[in-house]
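Okay, so the sequence shown: first residue is 1237 according to the numbering used here, each after it adds one.
Below: one structure, written as structure tokens.
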Amino acid sequence: MSKDELTPRQQKILELVRNFATDHGYPPTVRELCRLAGVSSPDTVQYHLDNLRSKGLLEEAKGRSRAAQIAADERVALIPVLGLVPAGPMAGAYAEPMGHVPAVIERGDASGLFALKVKGDSMESTLWNGDTVVVRWQETASTNDVVVVRYDDGEATVKRLKVKPAGLVLVPDNPKYDPFDIGEGRIAGKVISLIRKL
């Protein structure tokens, strides 16, 4: 069942489960969901959890009392953080992981994913300084994809891609910055999700 077929309350509960699992690395309890959803009755939350389970979107979590977790085709994985990537003036991105972040992987293998911390303001209003982006390793992308581009000197940047007849152009979302040709850079991956701390 697609997310579009859920009621607004079911969508909210599902998003809360996903976000909690991403932030903490484990699923929430019913009481935690009550607090997050601003609902006083555990029975109300349990009702929506049961509906989400019946639609195959959630399953019982092992080892936690009355907890729900994302169904088996959507799981939380630890993604290596490879360093800082500029959304502004260029700076180096590291090759060795500097840590890991939990992220919900909807389908497929997490081995082709990595994460980077955003540094700079050239991608505001999409990405903010301090955000973490989850990136799928790939060498091609489409117009309007947000991509990570690496250069031979080890520098990297994250920008929106525009495919033009004359070549690839990297476009900052912040209008203070000008677009520029990709030059000698190579697409290293496509940003597929964002982790932002409030």
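Just so you know, even glycine gets a beta-carbon here, dropped at the ideal spot from N, CA and C.
Would you mind reading off the limits of the alpha helix (DSSP H) that contains K1355? First-last for K1355: L1349 to K1355, but that is the beta strand (DSSP E), not the alpha helix (DSSP H).
Given a threshold of 16 other Cβ atoms within 10 Å of its Cβ, counted over all protein chains shown, does F1350 qualify as buried or as exposed? buried
On the DSSP bridge assignment, give the partners of H1336 in chain order. P1316
Return the chain-ordered list of same chain residues with a C-beta closer than 7 angstroms to the C-beta of R1245, the five sequence neighbours on each side being excluded. Around R1245, the same chain offers H1284 as residues with beta carbons nearer than 7 angstroms, after the five sequence neighbours per side are excluded.
Rounded to whole angstroms, what is the Cα-Cα separation between L1352 and V1266? 32 angstroms
What is the DSSP secondary structure of D1414, reduced to helix, strand or coil? coil
Please name the residue in G1292, V1394, I1418 and Y1413 whose C-alpha comes closest to that of A1402. I1418
Using DSSP's beta-bridge definition, name the partner residues of K1426. R1372 and V1383
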